[in-house]
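A short worksheet on the structure shown next.
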Amino acid sequence: MSGMFRSALRSVMASRSRFVLTGAAIMLSVAFLVATLVLSDSMRGRAADDIAAALAGTDAVVQGVTLGASDGGPGELGGSVRRALGPDVAERVAEVDGVAGAAPQWIGFAKLVVDGSSVGTGTATDVGRNWIADPVLSPFRLAAGRAPVEAGEIVIDRSLASAAGVEPGDQVQVLTATGMHDATVTGVATYAEADTAPLQRTVLLPDAAVPGWLDAEAPTEVVVDIAEGSDRAEVIGLLSELPGVEVTSGPDHVRTMQDAATSPLQFLTVFLLAFAVVAVLIGVTIIFNTFSLTVARRRRESGLLRAIGAERRQVLGGVVVEALLIGAVATVAGLAGGIAGVGVLRWLVGLTGVTLLTGPSIVSSTSIVIAATVGVGATLLSAWIPARRAAATPPIEALRDSAAEPRVVSPVRTAVGLGLAAVAIAGGVTAVARTSTTWLLLAAAVVPALVLCGPAIVTAAARWSAPVARRLAGVRGSIAAGNLATSPRRASSTALALMLGTAMVTMFAIVASSLTNAVGSDVREGLRADLVVTSATADFPTIDPTLAGRIGALPEVTSVASLAIAEGIVDGQPTAVGGIDPSVLPSMFDLDPVAGDLGDLRSGGVAVVGDDPTLLGDTVVVEFERSTLEAPIVAVVARSTGGFDAPAHFVDRRALDASVGGLLDALVFVDLADGDAARAEAAVRELVRATPGSFLSTRAEHVANSGSEVDAFRNFIDGMLYLAGFIALLGVANTTALAISERSGEIGLLRAVGATRRELRRIVRLEAALLSFVAAAIGTAVAIGFGWALIEVTGGTDLPSVVVPWVRLAVTLGVAVAAGVAAAAWPAYRVSRVPVLELVSRGR
Numbered sequence: 001m002s003g004m005f006r007s008a009l010r011s012v013m014a015s016r017s018r019f020v021l022t023g024a025a026i027m028l029s030v031a032f033l034v035a036t037l038v039l040s041d042s043m044r045g046r047a048a049d050d051i052a053a054a055l056a057g058t059d060a061v062v063q064g065v066t067l068g069a070s071d072g073g074p075g076e077l078g079g080s081v082r083r084a085l086g087p088d089v090a091e092r093v094a095e096v097d098g099v100a101g102a103a104p105q106w107i108g109f110a111k112l113v114v115d116g117s118s119v120g121t122g123t124a125t126d127v128g129r130n131w132i133a134d135p136v137l138s139p140f141r142l143a144a145g146r147a148p149v150e151a152g153e154i155v156i157d158r159s160l161a162s163a164a165g166v167e168p169g170d171q172v173q174v175l176t177a178t179g180m181h182d183a184t185v186t187g188v189a190t191y192a193e194a195d196t197a198p199l200q201r202t203v204l205l206p207d208a209a210v211p212g213w214l215d216a217e218a219p220t221e222v223v224v225d226i227a228e229g230s231d232r233a234e235v236i237g238l239l240s241e242l243p244g245v246e247v248t249s250g251p252d253h254v255r256t257m258q259d260a261a262t263s264p265l266q267f268l269t270v271f272l273l274a275f276a277v278v279a280v281l282i283g284v285t286i287i288f289n290t291f292s293l294t295v296a297r298r299r300r301e302s303g304l305l306r307a308i309g310a311e312r313r314q315v316l317g318g319v320v321v322e323a324l325l326i327g328a329v330a331t332v333a334g335l336a337g338g339i340a341g342v343g344v345l346r347w348l349v350g351l352t353g354v355t356l357l358t359g360p361s362i363v364s365s366t367s368i369v370i371a372a373t374v375g376v377g378a379t380l381l382s383a384w385i386p387a388r389r390a391a392a393t394p395p396i397e398a399l400r401d402s403a404a405e406p407r408v409v410s411p412v413r414t415a416v417g418l419g420l421a422a423v424a425i426a427g428g429v430t431a432v433a434r435t436s437t438t439w440l441l442l443a444a445a446v447v448p449a450l451v452l453c454g455p456a457i458v459t460a461a462a463r464w465s466a467p468v469a470r471r472l473a474g475v476r477g478s479i480a481a482g483n484l485a486t487s488p489r490r491a492s493s494t495a496l497a498l499m500l501g502t503a504m505v506t507m508f509a510i511v512a513s514s515l516t517n518a519v520g521s522d523v524r525e526g527l528r529a530d531l532v533v534t535s536a537t538a539d540f541p542t543i544d545p546t547l548a549g550r551i552g553a554l555p556e557v558t559s560v561a562s563l564a565i566a567e568g569i570v571d572g573q574p575t576a577v578g579g580i581d582p583s584v585l586p587s588m589f590d591l592d593p594v595a596g597d598l599g600d601l602r603s604g605g606v607a608v609v610g611d612d613p614t615l616l617g618d619t620v621v622v623e624f625e626r627s628t629l630e631a632p633i634v635a636v637v638a639r640s641t642g643g644f645d646a647p648a649h650f651v652d653r654r655a656l657d658a659s660v661g662g663l664l665d666a667l668v669f670v671d672l673a674d675g676d677a678a679r680a681e682a683a684v685r686e687l688v689r690a691t692p693g694s695f696l697s698t699r700a701e702h703v704a705n706s707g708s709e710v711d712a713f714r715n716f717i718d719g720m721l722y723l724a725g726f727i728a729l730l731g732v733a734n735t736t737a738l739a740i741s742e743r744s745g746e747i748g749l750l751r752a753v754g755a756t757r758r759e760l761r762r763i764v765r766l767e768a769a770l771l772s773f774v775a776a777a778i779g780t781a782v783a784i785g786f787g788w789a790l791i792e793v794t795g796g797t798d799l800p801s802v803v804v805p806w807v808r809l810a811v812t813l814g815v816a817v818a819a820g821v822a823a824a825a826w827p828a829y830r831v832s833r834v835p836v837l838e839l840v841s842r843g844r
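Residue numbers (the UniProt record's numbering): 1 to 844.
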């Protein structure tokens, strides 16, 4: 075994230039995978540890009865909409035998404002809580200053204090559901030992400020400390007997909060892992190509070893050991690079606007083992087929023939591939017809179909492109097209890597464009107002409810309509309910009524978004935290006000306020008076600028920004795809270099009969361009079909139509071809500098 290892090591060192790009592909794939795993572990581990430490003193939590799952809200990490508790619930909980302490906890919206500007961006929520004085039950600890005592005093978390640049004694403002409030910062707190609660920015208020600031009489929950020596299960049972409550044990509550805090990150983790898998698959094709060509070049050597007594397993083992060496070195480098590159991945994720937890990276042994297994395992698996093929070749045949692969495409292989392609097409069509994700899985058979049909596709492409190539580049074009058919398996394997990268770019471009169109179509078609005031974040309303009235008082304004949104439960499912003035909003935003009259909202009716006029007269029951709204459907409208969280139901604003309480506005629509539009806009802009949490845009700007949420996500996708594409281009460069080495004699003969260095470089670049075009074109076509089926099956009402960004796809195709040519430029330059006689001698 030691002799085999030494032989493999000498072989790798002798051919190290061939394995540089292969090692780079493995390294990048492993680095991306381990960075994803480390980032995921860091996020989950940090959030879980912080929550466990902060809630360590909580033995039980008393909450309202669950109405349904929540789409999220300020502080709602538990993920449920619950009926509000009674105002005296804390006193009743405290009277239960075995309860040592009970603290009411109010949770609502509160955004810090410093010097007229709101503090904090990203997806972290702005949360207002009351300060709990009991140190056992309070998740927060004072780090500086003192606790708030009177209304107008607040404590903020240390992360918020750092971002705002404030300290105890500073004067600030706080925007809540009841408007803007002046406040004095009396202290800075930590969430246990952390600077902030996971994915939150917290303002802590005294109990005296809660009714006026958070517009709440009853607490959101009551945290309980059970007395030492008491039977906890028994005490929890007694608490559960209180009317209108649900009780959760402390450990269960901690797990619920941990799961909820990390769930927003799980989607990103799955998404990142999907890209890591694609990167590994691309790397696998590069490794396979490298070893196929390397083993083919050494076929005579293997035959000679077999002729002098070497066994098949020794030849096989030698290649496997080479693969192990390359895979091990590249994997170690990838592990080091991935751990060091977690910060880069954080930055890429930050392009989406997602707020990530800060703190040191957690590098678990599980992550290292998974990434190392994938890196080394993928290398060994990719090298196994070429190694087995070399070991199985009879010695006499190996000594006689050094061809890399048969040039005749197997008809059986092609037939099987066509059969799988038919299955994929049938699966996609059936999935769309039946709206079935199960049938859609069959469409994934297109990948093995392309693998099997690849050589036939390359051969056909070479035949069809030859006349065009000859017309464009003369004899050089014919030679380049013919070279594709020389090694169809190798060419198709190289094309597969680029095909996967292009397909990923294309499919996500289609999804992103369809999302942008779906989110913005209602705005484009319905908006009539001259100006629109929007919230500081797309997730939660942040507009001071008094702003609409102040804008309406301007002489330059003819009318103003505000939109408030509250979350309710309809038929057990969360739904957004919009509160509007039905006499004003329809003139500023056309909801496109299908049936009924929006004016009837004033008499207590409900309008639903849909296209079924037979819904008129049906009764809708909407359950809110404080009350239940039961009303008849008086109107059906075809569109909502735009965005992911656009209302699916509309009621009169007064009815919504009566059911929910004070609400911040999500949007304010403004119509300007005839006259000097620029002066009128300036007057409104001055008011909005003085109101933190609000932003003003014109009609055109609001329409253009209606897909901004998707654009941020597209930036992240593009960053990931650039990496996958770069790995694919390494494959093009690597395979081109190896193919040139294989055809050294042929290239030397071309030089000998008069081909110049420049002409030789052009032939190599033309071959790369043809291969890149075939790969990118097929990848684009497959992605269009699969993306269409995916959106049709899973899009529902959120993605009513498929939008193909043809210009973007054409640019992607052009960039793929140009990148393929660029990847082949260096190998082409190198071979053009080799003397003619040396090239001819290499080919012997």
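The beta carbon of each residue, even a glycine, is placed where N, CA and C say it ideally should be.
Tell me which residue opens and which closes the alpha helix (DSSP H) that residue i is part of.
i: V468; result: 446-473
i: I132; result: Premise fails: I132 is in no alpha helix (DSSP H) and is neither H nor E.
i: F508; result: 488-526
i: L442; result: 437-442
i: L696; result: Segment 694-698 is the beta strand (DSSP E) holding L696; no alpha helix (DSSP H) there.
i: L238; result: 232-240
i: D657; result: 653-660
i: T414; result: 411-434
i: L214; result: 210-214
What residue range is occupied by the uninterrupted beta strand (DSSP E) comprising residue i?
i: D671; result: 665-672
i: E153; result: 153-157
i: residue 851; result: Because the chain here runs from 1 to 844, residue 851 falls outside it and cannot be looked at.
i: F140; result: 140-145
i: D225; result: 221-226
i: S627; result: Element bounds for S627: n/a, residue is neither H nor E.
i: G101; result: 99-105
i: L531; result: 531-535
i: A189; result: 179-191
Using alpha carbons as the reference points, say which of the options lies closest to residue i.
i: Q573; options: E234, A53, V81; result: V81
i: residue 856; options: V774, I156, A177; result: It is not possible to answer for residue 856, since the shown part of the chain is limited to 1 through 844.
i: A683; options: G552, A576, A638, T780; result: G552
i: I286; options: L730, A825, L85; result: L730
i: S249; options: L175, A422, A56; result: A56
i: Q105; options: Q258, A208, T196; result: A208
i: A460; options: T502, V409, Y722; result: V409
i: I362; options: G454, R44, A53, D522; result: R44
i: A509; options: G785, S40, E153, R201; result: G785
i: A536; options: A666, R476, C453; result: A666
i: V519; options: V247, R489, H702; result: H702
i: L790; options: T435, V247, L238, T190; result: T435
i: R761; options: P827, G754, A819, A690; result: P827
i: L547; options: G86, M180, P211, I326; result: M180
i: I282; options: D126, V451, L563, V817; result: V451
i: L554; options: A673, V594, V369; result: A673
i: L272; options: N130, L37, R413, V429; result: L37
i: A163; options: R141, Q200, R146; result: Q200
Taking residue i and residue j to be in contact with their CB atoms under 8 Å, please state how far apart those CB atoms are, rounded to whole angstroms.
i: S29; j: V342; result: Incorrect: roughly 16 Å between the Cβ atoms, too far for contact.
i: T534; j: S640; result: No, T534 and S640 are not in contact; Cβ-Cβ is about 15 Å, not under 8 Å.
i: I778; j: M499; result: 6 Å
i: F291; j: A333; result: In fact, because the Cβ distance is near 19 Å, the residues do not count as touching under 8 Å.
i: F140; j: A110; result: Rounded, the Cβ-Cβ distance is 14 Å, inconsistent with contact.
Return the bridge partner residues of residue i from the DSSP annotation.
i: F288; result: DSSP output for F288 lists no bridge partner at all.
i: T248; result: V61
Return yes when the C-beta of residue i is under 7 Å from any heavy atom of the ligand GDP, and no when it is not.
i: A133; result: Annotation note on the ligand GDP: not contained in the displayed structure, which lists no ligands.
request  = Run through the UniProt domain "ABC3 transporter permease C-terminal" (721-835) for me and flag every whole alpha helix (DSSP H) of 4 or more residues, listed as ranges in chain order.
outcome  = Correct list: 744-752, 757-794, 806-832.
Inside the stretch 545-624 only - alpha helix (DSSP H) runs reaching at least 4 residues = Fully enclosed alpha helix (DSSP H) runs of 4 or longer: 547-552, 585-588.
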